Every structure is written in C-alpha cells, then in structure tokens.
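All residue numbers for the sequence shown refer to UniProt numbering, where the first residue is 1 and numbers rise by one. Note that beta-carbon positions come from the ideal geometry of N, C-alpha and C, so glycine has one too. Quantities reported herein were computed from a predicted structural model and do not represent experimental measurements.
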Amino acid sequence: MRKQGILTEKLFFSMTWDYLNVYLPTQHSDSPKTVKSYEDALTVFRRYITDVKKIPMEKFQFEDLTYDFVLDYRIYLVEKDYKPATVNHRLTVISAYMKYAATRRIDLYQIYLNVSDVPYVTVPSRVGEIIESPVIIKEYLASPGSSMKGIRDQVILVVLYDTAIRADELIGLDISDVILNTDEPHLLVKGKGDKERFAALSEKAVPLIKRYISIYHKDLRKRSAPFIYTVIKGEMGRMSERNVERIVKKYADKIREKYPEIPNVYPHMLRRTRATGWYRDGVPIETIAVILGHADAKTTRKSYASPSVEMLREQMEKGTESEPEPEKPLWKNDEELAHICGIR
1 MRKQGILTEK
11 LFFSMTWDYL
21 NVYLPTQHSD
31 SPKTVKSYED
41 ALTVFRRYIT
51 DVKKIPMEKF
61 QFEDLTYDFV
71 LDYRIYLVEK
81 DYKPATVNHR
91 LTVISAYMKY
101 AATRRIDLYQ
111 IYLNVSDVPY
121 VTVPSRVGEI
131 IESPVIIKEY
141 LASPGSSMKG
151 IRDQVILVVL
161 YDTAIRADEL
171 IGLDISDVIL
181 NTDEPHLLVK
191 GKGDKERFAA
201 LSEKAVPLIK
211 RYISIYHKDL
221 RKRSAPFIYT
231 VIKGEMGRMS
241 ERNVERIVKK
251 YADKIREKYP
261 EIPNVYPHML
271 RRTRATGWYR
281 DGVPIETIAV
291 ILGHADAKTT
301 RKSYASPSVE
311 MLREQMEKGT
321 ESEPEPEKPL
331 WKNDEELAHI
341 CGIR
C-alpha cells in the first residue's frame with residue numbers, strides 16, 4: 001500500500017491513490033480503460049471542489065460529502081451541458097469510491113448510503129441504430145477490396161461483425177488467440193475485467209483470416225505478436241482503437257453514394273447489428289449474453305433485443321385473428337358448481 005504521507009484518514013481524497021492503483025486494477029480486475037474513466041471522473045469532481053466550491057483538497061473531508069453537496073454537483077454538471085449518461089457515470093464513480101472507503105472504515109457507511117440516494121439524471125431512451133439490410137451488410141463487408149491493405153481492413157470489418165466482439169477486444173488479440181486449425185475455429189477473447197471467453201468464427205470468415213495471416217504473419221513462431229497491428233518506423237505495435245474506428249467509418253462512407261440509407265457506422269454498431277440479428281433469428285437472449293461477454297442477460301435484453309418492424313406486425317396481426325369460442329362450463333347450475341368446488 002502506498003504511504004499517504006501527511007494525508008489524514010479524514011480527507012476525502014486520502015484513499016483515491018490506493019483505489020485507482022491497487023483496488024480497481026488488481027482486486028476488482030478492472031481494465032486500464034475503466035480505471036482511466038474512474039480517474040477522470042474523480043479529477044472532474046476534484047476540480048469542482050477546488051475551482052467551483054473554492055475548497056482546498058486538504059480541507060475537504062468525507063463528512064463534507066453530504067447528499068446536498070452531491071446533488072449540487074449533479075445540477076452543476078447538467079448545467080454545464082454534460083450528457084445524461086456522463087453525469088450518471090460521474091455520480092456512479094463517487095458512489096463506488098465511497099463504497100470502497102466504507103469497507104475500510106465502517107463509520108463512513110452512512111455517507112456512502114446518503115451519496116447513493118442521489119437520483120440519477122433520466123437518460124432518454126432511444127432505439128440503437130443498426131444496419132437493417134442484409135444486402136448492405138454484405139456489400140459493406142466486401143468493400144475494402146483485395147489489395148494488401150484491403151485484405152487487412154476486410155478482416156477487421158468481418159471479425160468485428162462476425163463475432164460481435166468489441167474494438168478493444170479485437171486489437172487486444174494476439175496471433176495465438178486465433179485458433180483456426182480445429183473443427184470449431186474460434187477466437188480467445190479477453191473481455192472486460194480480463195475475463196476470457198471464446199468467440200466462434202463462421203465458415204465464411206475463416207478463409208479471409210487465413211489469407212490475412214499468410215500475408216501479415218509469415219512467421220507464426222511469434223505467437224505473442226498482435227493479430228491486428230500497424231508498423232511505425234519499423235516497429236510493430238497494436239493498432240489503436242481510434243484507427244479501427246476510422247477504418248470502420250471509411251468503408252461505410254465508400255458505399256454511401258450507392259446506399260444513402262446506411263448510417264454512420266462505428267465498431268459498436270456492427271456489434272449491435274450482429275447481436276440484434278441473432279435475437280431476431282430466435283437465438284435465446286441468454287446465449288447472446290454469453291457470446292457478447294455480458295455478466296447479466298438484462299444488459300443484453302435492454303441493448304440488443306430490438307424486434308424488427310416485421311416481427312411487430314406479425315404480433316399485431318395475431319390480435320386480429322378470430323377469437324376461439326369460450327369453453328363451455330362443466331356444470332349446469334350452482335348446485336353442480338358447489339359440488340365441484342367441494343362445498344354444499
């Protein structure tokens with residue numbers, strides 16, 4: 001544990017270093033991306049305390065974190081035009097940090113409960129966009145072409161769509177995580193919280209990946225080499241998530257003149273398109289949750305269980321069908337009904 005120096009245990013920020021550098025990455029097994037988002041959220045809160053409320057860090061104590069203080073902070077974020085989801089994340093981080101602090105000091109538990117009671121901002125419910133047309137999906141995935149760079153870009157598009165993995169999961173793959181010489185070709189994916197799962201590859205994806213590997217991974221002895229990479233000044237490195245986003249968008253723009261209805265495409269849209277397609281094809285939501293790496297199927301249902309217009313129409317038409325005739329009762333009068341019910 002890091003020495004806190006002159007920090008006293010009463011100060012609100014006295015545990016943030018251990019929380020961010022020890023608890024989250026090692027004990028809670030959060031990804032560096034998650035830890036960074038928590039660090040950013042606590043930094044924004046610190047700026048609010050020192051710059052807006054004019055309270056020095058060395059004076060702000062746990063007991064100062066009242067319900068009203070956090071509620072004022074929420075109002076401040078909303079007035080600064082932060083998106084509702086961002087505001088709620090800021091509140092979640094403060095609550096999570098206080099829960100951690102309360103596990104170390106039981107006297108802080110009531111403060112944690114008070115903070116947790118601050119209501120979240122209502123997030124508008126919107127239907128997530130997907131690529132609806134199978135024809136457009138097919139042409140989009142084929143759009144990179146057969147040049148050397150096109151082969152790499154096509155593998156990026158196809159793997160993202162075919163397996164519905166996240167962009168950061170794709171660039172986190174090593175060549176050893178791509179298992180093709182088996183009856184069931186698959187990827188070994190490292191998901192959120194460093195949890196591993198398998199992602200099956202379709203028969204159509206395997207030949208594309210093999211062709212890509214034959215060009216970009218000639219020395220298969222380098223098992224720890226990144227599956228998708230860039231070379232800068234002769235050095236191989238993992239492709240950035242931003243670069244993956246740029247590639248995904250680039251080919252949607254390429255076919256937009258032919259298909260003006262195609263939305264602005266980004267990696268998560270490919271994931272949503274694939275998952276929604278599975279749902280509409282009748283794959284159980286619990287199975288989709290496992291494929292996507294969700295710990296709770298409720299998350300999957302909320303984000304990806306979007307019925308098509310055709311599915312809705314079919315359900316509506318069922319209500320217009322002639323109703324079956326009501327069943328005839330088994331009794332002729334009250335006396336017979338009483339006998340059936342075991343009374344007189």
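Which term fits residue i, buried or exposed, when burial requires 16 or more other beta carbons within 10 angstroms of its beta carbon?
{"i": "residue 167", "result": "buried"}
{"i": "residue 63", "result": "exposed"}
{"i": "residue 66", "result": "exposed"}
{"i": "residue 110", "result": "exposed"}
{"i": "residue 291", "result": "buried"}
{"i": "residue 154", "result": "buried"}
{"i": "residue 293", "result": "buried"}
{"i": "residue 163", "result": "buried"}
{"i": "residue 299", "result": "exposed"}
{"i": "residue 41", "result": "buried"}
For residue i versus residue j, is the C-beta spacing smaller than 8 Å?
{"i": "residue 271", "j": "residue 262", "result": "no"}
{"i": "residue 248", "j": "residue 267", "result": "yes"}
{"i": "residue 252", "j": "residue 140", "result": "yes"}
{"i": "residue 115", "j": "residue 70", "result": "yes"}
{"i": "residue 49", "j": "residue 60", "result": "yes"}
{"i": "residue 156", "j": "residue 228", "result": "yes"}
{"i": "residue 108", "j": "residue 98", "result": "yes"}
{"i": "residue 29", "j": "residue 194", "result": "yes"}
{"i": "residue 37", "j": "residue 192", "result": "no"}
{"i": "residue 259", "j": "residue 136", "result": "yes"}
{"i": "residue 352", "j": "residue 158", "result": "There is no way to answer for residue 352, as the model of the chain reaches only from 1 to 344."}
{"i": "residue 84", "j": "residue 22", "result": "no"}
{"i": "residue 53", "j": "residue 143", "result": "no"}
Ignore the nearest five residues each way along the sequence and tell me which others in residue i's own chain have a CB closer than 6 Å to its CB.
{"i": "residue 165", "result": "189, 199"}
{"i": "residue 185", "result": "201, 206"}
{"i": "residue 120", "result": "88"}
{"i": "residue 297", "result": "285, 286, 289"}
{"i": "residue 353", "result": "A query on residue 353 cannot be resolved here, the shown segment of the chain reaching from 1 to 344 and no further."}
{"i": "residue 161", "result": "270, 274"}
{"i": "residue 101", "result": "15, 108"}
{"i": "residue 145", "result": "none"}
Report the residue from the options whose alpha carbon sits nearest the alpha carbon of residue i.
{"i": "residue 213", "options": "245, 195, 176, 304", "result": "176"}
{"i": "residue 181", "options": "134, 210, 146, 67", "result": "210"}
{"i": "residue 393", "options": "237, 46, 79", "result": "Nothing can be reported for residue 393: it is not among the residues displayed for the chain, which extend from 1 to 344."}
{"i": "residue 306", "options": "131, 250, 79", "result": "131"}
{"i": "residue 183", "options": "171, 99, 203, 104", "result": "203"}
{"i": "residue 245", "options": "52, 40, 170, 85", "result": "170"}
{"i": "residue 242", "options": "236, 51, 128, 230", "result": "230"}
{"i": "residue 236", "options": "217, 250, 254", "result": "217"}
{"i": "residue 51", "options": "68, 33, 73", "result": "73"}
{"i": "residue 134", "options": "302, 281, 299", "result": "281"}
Keeping to the same chain, check which residues put their C-beta closer than 8 Å to that of residue i; ignore five residues upstream and five downstream.
{"i": "residue 222", "result": "175"}
{"i": "residue 11", "result": "57, 58, 60, 61, 62"}
{"i": "residue 103", "result": "none"}
Starting from the C-beta of residue i, find all residues in its chain whose C-beta is less than 7 Å away, skip the five residues before and the five after it, and write them out in chain order.
{"i": "residue 35", "result": "20, 24, 25"}
{"i": "residue 304", "result": "272, 275, 276, 279, 288"}
{"i": "residue 44", "result": "90"}
{"i": "residue 239", "result": "171, 228, 229, 230"}
{"i": "residue 33", "result": "168"}
{"i": "residue 129", "result": "263, 269"}
- Task: Within the stretch 85-137, note down every full alpha helix (DSSP H) run reaching 4 residues or more, in order along the chain.
- Result: Within the stretch 85-137, complete alpha helix (DSSP H) segments of at least 4 residues are found at 109-116, given in chain order.
- Query: If you scan the stretch 134-214 from start to end, which runs of the alpha helix (DSSP H) of 4 or more residues do you find wholly inside it?
  - Reply: Scanning the stretch 134-214 from its first residue to its last, the whole alpha helix (DSSP H) runs of 4-plus residues come out as 134-142, 148-163, 167-171.
- Fully enclosed by the stretch 220-294, which beta strand (DSSP E) runs are 3 residues long or longer? With a minimum length of 3 residues, the continuous beta strand (DSSP E) runs that stay inside the stretch 220-294 are 229-232, 235-238.
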